[in-house]
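S.K.: For the sequence shown, position 96 (counting from the first letter as 1) is numbered 98 according to my numbering, and the numbering increases by one without interruption. From the three backbone atoms N, C-alpha and C, an ideal C-beta is built for every residue, glycine too.
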Amino acid sequence: FEVAMACLLLAGKTEESPKKLDFVIRECWKLRRKAQQQQLQNKLVSGGDSPNVGGMSPTNIMSSPSSSSGGDLHMKSDEFARLKERVLLLERVILHTIGFELSIDHPFKFLIDCAQGLSKKRLLEYNPTKKAKLVGKDGQPMGKPQQNNQLVQELAQNAISFANDSLHTSLCLQFSAQQIAMACVYLSGTHAGIGPIAGKTWLDLLDGISAEELTSISVQILELVQSNRRGVDSGQFKAIRKDLDEMMKGGSGGGSSQPDAKRQKVN
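#1: Between which residues of its own chain and Leu10 is the CB-CB distance below 8 Å, once the five residues before and five after are set aside?
#2: Starting from the Cα of Gln38, find the closest Cα among Asp24, Ala8, Gly14 and Phe3 and give me that residue.
#3: Can you check DSSP and say which residues form a bridge with Gly197?
#4: Where does Pro109 fall in DSSP's three states?
#5: So who's on the other strand from Pro143, going by DSSP bridges?
#6: Roughly how many whole angstroms lie between the Cα atoms of Val227 and Thr217?
#7: Is the beta carbon of Ser190 closer than 8 Å to that of Asn160?
#8: Are the CB atoms of Ile162 and Phe110 nearer to each other than 8 Å?
#9: If distances are taken between C-alpha atoms only, which option among Glu103, Asp74, Glu81 and Ala6 comes closest to Thr16?
#10: When the Cα atoms are used, what is the spatial distance from Phe239 to Lys32?
#11: Glu87: which of Asp74, Ala8 and Gln142 sits nearest, CA to CA?
#12: Within 10 Å of its beta-carbon, does Gly197 have 16 or more other beta-carbons around it, so buried, or fewer, so exposed?
#13: Lys15 lies in the alpha helix (DSSP H); which residues open and close that run?
#14: Would Ala117 and Val187 be called neighbours here (beta carbons separated by less than 8 Å)?
#15: Going by other Cβ atoms of all chains shown within 10 Å of its Cβ, with 16 needed for buried, is Glu215 buried or exposed?
#16: For Ile219, which residues of its own chain have a beta-carbon under 7 Å away from its beta-carbon, when the five flanking residues on both sides are left out?
#17: For Ala179, which residues of its own chain have a beta-carbon under 7 Å away from its beta-carbon, when the five flanking residues on both sides are left out?
#18: Please state if the CB of Ile199 and the CB of Glu127 are separated by a distance shorter than 8 Å.
#19: Can you round the beta-carbon distance between Ile114 and Ala83 to whole angstroms, since I take them to be within the 8 Å contact cut?
#20: With respect to the alpha helix (DSSP H) encompassing Asp206, which residues constitute its N-terminal and C-terminal limits?
#21: Are there 16 or more other CB atoms within 10 angstroms of the CB of Val271, so buried, or fewer, so exposed?
#22: Could you check how far apart the C-beta atoms of Leu324 and Pro147 are, in whole angstroms? I think they sit under 8 Å.
#23: Over the uninterrupted alpha helix (DSSP H) stretch that includes His98, give me the two end residues.
#24: With Glu103 as the anchor, note down where its alpha helix (DSSP H) starts and where it stops.
#25: Let me know if Arg124 comes out buried or exposed under the rule of 16 or more other beta-carbons within 10 Å of its beta-carbon.
#26: Alpha carbons only, please: which of Lys36, Arg28 and Val47 is nearest the one belonging to His76?
#27: Where do the N-terminal and C-terminal ends of the alpha helix (DSSP H) with Ile27 fall, by residue?
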(Lines of atoms letter the chains of each structure in order from A and count residues from 1; the text may use other names and numbers.)
(Lines give C-alpha, C1' and ligand atoms only; values in the text may rest on other atoms or scores of the structure.)
Protein backbone atom coordinates (compact mmCIF):
# COMPACT_ATOMS: atom_id res chain seq x y z
CA PHE A 1 0.00 0.00 0.00
CA GLU A 2 2.77 2.44 0.93
CA VAL A 3 4.85 1.52 -2.12
CA ALA A 4 1.80 2.02 -4.34
CA MET A 5 1.33 5.54 -2.95
CA ALA A 6 4.99 6.35 -3.57
CA CYS A 7 4.68 5.09 -7.15
CA LEU A 8 1.60 7.22 -7.77
CA LEU A 9 3.32 10.29 -6.36
CA LEU A 10 6.39 9.71 -8.53
CA ALA A 11 4.29 8.92 -11.64
CA GLY A 12 2.49 12.25 -11.32
CA LYS A 13 5.78 14.11 -11.26
CA THR A 14 7.17 12.10 -14.17
CA GLU A 15 4.14 12.74 -16.39
CA GLU A 16 4.06 16.47 -15.53
CA SER A 17 0.82 16.03 -13.59
CA PRO A 18 2.07 16.32 -10.01
CA LYS A 19 -0.22 15.83 -7.06
CA LYS A 20 0.43 16.99 -3.51
CA LEU A 21 1.56 14.29 -1.12
CA ASP A 22 -1.31 15.06 1.29
CA PHE A 23 -3.83 14.57 -1.53
CA VAL A 24 -2.29 11.25 -2.63
CA ILE A 25 -2.33 9.88 0.92
CA ARG A 26 -5.92 10.95 1.58
CA GLU A 27 -7.28 9.51 -1.66
CA CYS A 28 -5.38 6.24 -1.34
CA TRP A 29 -6.56 5.93 2.26
CA LYS A 30 -10.17 6.32 1.12
CA LEU A 31 -9.75 3.65 -1.56
CA ARG A 32 -8.15 1.19 0.87
CA ARG A 33 -10.85 1.79 3.47
CA LYS A 34 -13.57 1.32 0.83
CA ALA A 35 -11.98 -1.96 -0.29
CA GLN A 36 -11.72 -3.16 3.30
CA GLN A 37 -15.35 -2.36 4.00
CA GLN A 38 -16.40 -4.18 0.82
CA GLN A 39 -14.40 -7.24 1.77
CA LEU A 40 -15.89 -7.17 5.26
CA GLN A 41 -19.39 -6.95 3.83
CA ASN A 42 -18.75 -9.83 1.43
CA LYS A 43 -17.32 -11.92 4.24
CA LEU A 44 -20.27 -11.24 6.53
CA VAL A 45 -22.72 -12.10 3.77
CA SER A 46 -20.96 -15.42 3.19
CA GLY A 47 -21.00 -16.09 6.95
CA GLY A 48 -17.24 -16.21 7.41
CA ASP A 49 -14.93 -14.53 9.87
CA SER A 50 -13.96 -10.89 9.47
CA PRO A 51 -11.12 -10.57 6.93
CA ASN A 52 -7.83 -9.01 7.79
CA VAL A 53 -6.63 -6.67 5.04
CA GLY A 54 -3.35 -4.79 4.99
CA GLY A 55 -2.56 -5.91 8.53
CA MET A 56 -5.71 -4.31 9.98
CA SER A 57 -9.28 -5.50 10.39
CA PRO A 58 -11.87 -3.34 8.61
CA THR A 59 -13.74 -3.10 11.91
CA ASN A 60 -10.66 -1.62 13.52
CA ILE A 61 -10.12 0.72 10.58
CA MET A 62 -13.64 2.12 10.85
CA SER A 63 -13.18 2.81 14.54
CA SER A 64 -9.57 3.99 14.24
CA PRO A 65 -8.83 7.34 15.92
CA SER A 66 -6.79 8.28 12.85
CA SER A 67 -9.90 8.45 10.70
CA SER A 68 -13.01 10.60 10.91
CA SER A 69 -16.57 9.35 10.80
CA GLY A 70 -16.55 9.99 7.05
CA GLY A 71 -13.55 7.76 6.54
CA ASP A 72 -11.03 10.51 5.86
CA LEU A 73 -7.60 10.34 7.46
CA HIS A 74 -6.91 13.12 9.96
CA MET A 75 -4.05 15.24 8.63
CA LYS A 76 -2.81 15.91 12.17
CA SER A 77 -2.87 12.28 13.25
CA ASP A 78 0.23 10.21 13.98
CA GLU A 79 -0.75 7.77 11.24
CA PHE A 80 -0.82 10.55 8.64
CA ALA A 81 2.62 11.80 9.72
CA ARG A 82 3.99 8.25 9.59
CA LEU A 83 2.62 7.68 6.10
CA LYS A 84 4.15 10.93 4.86
CA GLU A 85 7.59 9.92 6.09
CA ARG A 86 7.26 6.41 4.66
CA VAL A 87 6.08 7.59 1.23
CA LEU A 88 8.89 10.13 0.91
CA LEU A 89 11.42 7.49 1.93
CA LEU A 90 9.99 4.94 -0.49
CA GLU A 91 10.01 7.49 -3.30
CA ARG A 92 13.77 7.79 -2.94
CA VAL A 93 14.12 4.02 -2.73
CA ILE A 94 12.18 3.60 -5.97
CA LEU A 95 14.29 6.22 -7.75
CA HIS A 96 17.50 4.50 -6.69
CA THR A 97 16.09 1.11 -7.67
CA ILE A 98 15.29 2.21 -11.24
CA GLY A 99 18.53 4.18 -11.51
CA PHE A 100 16.66 7.49 -11.92
CA GLU A 101 15.62 6.32 -15.41
CA LEU A 102 12.35 8.21 -15.91
CA SER A 103 12.30 8.71 -19.68
CA ILE A 104 9.38 6.69 -21.00
CA ASP A 105 8.38 6.28 -24.63
CA HIS A 106 4.65 6.29 -25.32
CA PRO A 107 3.18 4.69 -28.46
CA PHE A 108 1.35 7.80 -29.70
CA LYS A 109 4.17 9.35 -31.74
CA PHE A 110 5.08 6.02 -33.31
CA LEU A 111 1.53 5.15 -34.32
CA ILE A 112 1.02 8.53 -36.02
CA ASP A 113 4.26 8.05 -37.97
CA CYS A 114 3.23 4.51 -38.88
CA ALA A 115 -0.24 5.52 -40.07
CA GLN A 116 1.09 8.42 -42.15
CA GLY A 117 3.89 6.34 -43.62
CA LEU A 118 1.59 3.53 -44.74
CA SER A 119 -0.80 6.06 -46.26
CA LYS A 120 1.88 7.93 -48.19
CA LYS A 121 3.11 4.67 -49.68
CA ARG A 122 -0.47 3.79 -50.68
CA LEU A 123 -0.21 0.45 -48.87
CA LEU A 124 -3.66 0.61 -47.27
CA GLU A 125 -7.15 0.81 -48.64
CA TYR A 126 -10.75 0.50 -47.50
CA ASN A 127 -12.41 -2.84 -48.06
CA PRO A 128 -15.09 -2.90 -50.79
CA THR A 129 -17.99 -2.80 -48.32
CA LYS A 130 -16.65 0.23 -46.49
CA LYS A 131 -15.55 1.96 -49.69
CA ALA A 132 -19.07 1.78 -51.11
CA LYS A 133 -20.37 3.74 -48.10
CA LEU A 134 -17.88 6.61 -48.42
CA VAL A 135 -19.59 9.75 -49.64
CA GLY A 136 -18.55 13.39 -49.50
CA LYS A 137 -20.46 16.37 -48.15
CA ASP A 138 -22.16 16.75 -51.51
CA GLY A 139 -23.51 13.21 -51.28
CA GLN A 140 -21.29 11.99 -54.10
CA PRO A 141 -18.82 9.09 -53.80
CA MET A 142 -15.44 10.22 -52.48
CA GLY A 143 -12.53 10.53 -54.87
CA LYS A 144 -9.14 8.95 -54.22
CA PRO A 145 -7.63 12.01 -52.45
CA GLN A 146 -10.66 12.35 -50.17
CA GLN A 147 -10.62 8.65 -49.37
CA ASN A 148 -6.93 8.77 -48.51
CA ASN A 149 -7.36 11.78 -46.21
CA GLN A 150 -10.22 10.13 -44.36
CA LEU A 151 -8.31 6.86 -44.17
CA VAL A 152 -5.36 8.52 -42.42
CA GLN A 153 -7.60 10.43 -40.03
CA GLU A 154 -9.74 7.41 -39.14
CA LEU A 155 -6.72 5.12 -38.81
CA ALA A 156 -4.91 7.54 -36.48
CA GLN A 157 -7.94 8.35 -34.31
CA ASN A 158 -8.85 4.73 -33.71
CA ALA A 159 -5.21 3.82 -33.09
CA ILE A 160 -4.94 6.57 -30.44
CA SER A 161 -8.04 5.18 -28.72
CA PHE A 162 -6.54 1.70 -28.61
CA ALA A 163 -3.24 3.15 -27.36
CA ASN A 164 -5.12 4.87 -24.53
CA ASP A 165 -6.69 1.52 -23.68
CA SER A 166 -3.26 -0.11 -23.60
CA LEU A 167 -2.25 2.22 -20.76
CA HIS A 168 -4.70 0.34 -18.53
CA THR A 169 -2.72 -2.88 -19.02
CA SER A 170 0.84 -3.99 -18.31
CA LEU A 171 1.75 -3.97 -22.01
CA CYS A 172 4.32 -1.18 -21.50
CA LEU A 173 6.29 -3.63 -19.33
CA GLN A 174 6.07 -6.43 -21.87
CA PHE A 175 6.68 -4.72 -25.22
CA SER A 176 8.34 -1.65 -26.67
CA ALA A 177 6.33 1.46 -27.48
CA GLN A 178 6.92 0.84 -31.21
CA GLN A 179 5.43 -2.65 -31.03
CA ILE A 180 2.39 -1.43 -29.12
CA ALA A 181 1.95 1.34 -31.69
CA MET A 182 2.01 -1.14 -34.57
CA ALA A 183 -0.55 -3.36 -32.85
CA CYS A 184 -2.80 -0.33 -32.31
CA VAL A 185 -2.55 0.55 -36.00
CA TYR A 186 -3.49 -3.02 -36.88
CA LEU A 187 -6.48 -2.97 -34.52
CA SER A 188 -7.52 0.43 -35.85
CA GLY A 189 -7.37 -0.72 -39.44
CA THR A 190 -9.29 -3.95 -38.95
CA HIS A 191 -11.84 -2.16 -36.77
CA ALA A 192 -12.41 0.58 -39.40
CA GLY A 193 -12.55 -1.69 -42.44
CA ILE A 194 -9.05 -0.74 -43.60
CA GLY A 195 -6.58 -3.33 -44.82
CA PRO A 196 -3.42 -3.86 -46.86
CA ILE A 197 -3.57 -3.60 -50.61
CA ALA A 198 -3.81 -6.78 -52.66
CA GLY A 199 -0.84 -9.08 -52.30
CA LYS A 200 0.19 -7.69 -48.90
CA THR A 201 -0.51 -8.69 -45.31
CA TRP A 202 -0.37 -6.71 -42.10
CA LEU A 203 2.84 -8.48 -41.14
CA ASP A 204 4.37 -7.32 -44.43
CA LEU A 205 3.51 -3.71 -43.62
CA LEU A 206 4.34 -3.69 -39.91
CA ASP A 207 8.08 -4.15 -39.90
CA GLY A 208 9.58 -5.07 -36.53
CA ILE A 209 6.82 -7.14 -34.97
CA SER A 210 6.14 -10.87 -35.20
CA ALA A 211 2.79 -12.62 -35.46
CA GLU A 212 3.09 -13.79 -31.86
CA GLU A 213 3.83 -10.29 -30.56
CA LEU A 214 1.09 -8.66 -32.61
CA THR A 215 -1.41 -11.26 -31.45
CA SER A 216 -0.46 -11.02 -27.78
CA ILE A 217 -0.73 -7.21 -27.70
CA SER A 218 -3.98 -7.17 -29.64
CA VAL A 219 -5.61 -9.86 -27.50
CA GLN A 220 -4.81 -8.05 -24.25
CA ILE A 221 -6.25 -4.77 -25.56
CA LEU A 222 -9.36 -6.46 -26.94
CA GLU A 223 -10.01 -8.26 -23.66
CA LEU A 224 -9.79 -4.96 -21.80
CA VAL A 225 -12.10 -3.16 -24.23
CA GLN A 226 -14.70 -5.92 -24.20
CA SER A 227 -14.76 -6.12 -20.40
CA ASN A 228 -14.93 -2.35 -19.77
CA ARG A 229 -17.17 -1.00 -22.53
CA ARG A 230 -20.83 -1.57 -23.01
CA GLY A 231 -22.39 -1.75 -26.42
CA VAL A 232 -19.21 -2.79 -28.23
CA ASP A 233 -19.60 -4.74 -31.44
CA SER A 234 -18.66 -8.21 -30.23
CA GLY A 235 -19.02 -9.59 -33.75
CA GLN A 236 -16.36 -7.22 -35.02
CA PHE A 237 -13.97 -8.20 -32.23
CA LYS A 238 -14.59 -11.87 -32.94
CA ALA A 239 -13.63 -11.23 -36.57
CA ILE A 240 -10.38 -9.61 -35.39
CA ARG A 241 -9.64 -12.60 -33.17
CA LYS A 242 -10.25 -14.93 -36.10
CA ASP A 243 -7.87 -12.88 -38.25
CA LEU A 244 -5.25 -13.05 -35.50
CA ASP A 245 -5.64 -16.81 -35.21
CA GLU A 246 -5.14 -17.21 -38.95
CA MET A 247 -2.15 -14.90 -38.79
CA MET A 248 -0.61 -17.04 -36.06
CA LYS A 249 -1.03 -20.17 -38.13
CA GLY A 250 0.42 -18.61 -41.27
CA GLY A 251 2.94 -16.16 -39.77
CA SER A 252 4.71 -18.53 -37.41
CA GLY A 253 4.56 -21.77 -39.31
CA GLY A 254 1.72 -23.14 -37.22
CA GLY A 255 1.22 -23.22 -33.50
CA SER A 256 -1.54 -22.58 -31.03
CA SER A 257 -4.46 -20.52 -32.23
CA GLN A 258 -4.89 -19.21 -28.68
CA PRO A 259 -1.73 -17.19 -28.01
CA ASP A 260 -0.34 -16.76 -24.53
CA ALA A 261 -0.99 -13.17 -23.49
CA LYS A 262 1.95 -13.23 -21.07
CA ARG A 263 5.15 -11.95 -22.58
CA GLN A 264 8.60 -11.28 -21.24
CA LYS A 265 9.57 -7.83 -20.11
CA VAL A 266 11.41 -5.75 -22.70
CA ASN A 267 14.92 -4.57 -22.03
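M.R.: Quick answer:
#1: Answer for Leu10: Lys21, Val26 and Cys30, listed in chain order.
#2: Shortest Cα-Cα distance from Gln38 to any of Asp24, Ala8, Gly14 and Phe3 involves Phe3.
#3: Gly197 is bridged to Glu127.
#4: DSSP, read as helix, strand or coil, puts Pro109 in helix.
#5: According to DSSP, Pro143 shares a beta bridge with Val137.
#6: Take the alpha-carbon of Val227 and the one of Thr217: they are about 15 Å apart.
#7: Going by beta carbons, Asn160 and Ser190 fall inside the 8 Å limit.
#8: For the pair Ile162 and Phe110, the CB atoms are nearer than the 8 Å cut-off.
#9: If we check each option's Cα against that of Thr16, Glu103 comes out closest.
#10: Roughly 37 Å separates the two Cα atoms.
#11: Among Asp74, Ala8 and Gln142, the Cα nearest to that of Glu87 is on Ala8.
#12: By the 16-neighbour rule on beta-carbons within 10 angstroms, Gly197 is buried.
#13: Glu4 to Thr16 is the extent of the alpha helix (DSSP H) around Lys15.
#14: Yes, these two residues count as a Cβ contact at 8 Å.
#15: Counting Cβ neighbours within 10 Å, Glu215 comes out buried, since at least 16 surround it.
#16: Within the same chain, Ile219 has close Cβ partners Leu173, Phe177, Gln181, Ile182 and Ala185.
#17: Same-chain partners within the cutoff: Asp107, His108, Pro109 and Phe112.
#18: Yes, these two residues count as a Cβ contact at 8 Å.
#19: At roughly 47 Å, the Cβ-Cβ gap does not stay under 8 Å, so Ile114 and Ala83 are not in contact.
#20: Unbroken alpha helix (DSSP H) run through Asp206: Trp204 to Leu207.
#21: No statement about residue 271 is possible, as the shown extent of the chain runs from 3 to 269 and does not include it.
#22: An answer regarding residue 324 cannot be provided, because it is not within the stretch 3 to 269 covered by the chain.
#23: Counting along the chain, the unbroken alpha helix (DSSP H) around His98 starts and ends at Asp80 to Thr99.
#24: Element bounds for Glu103: n/a, residue is neither H nor E.
#25: Exposed is the call here.
#26: Measuring from the Cα of His76, the nearest candidate turns out to be Arg28.
#27: Ile27 -> alpha helix (DSSP H) spans Leu23 to Ser48.
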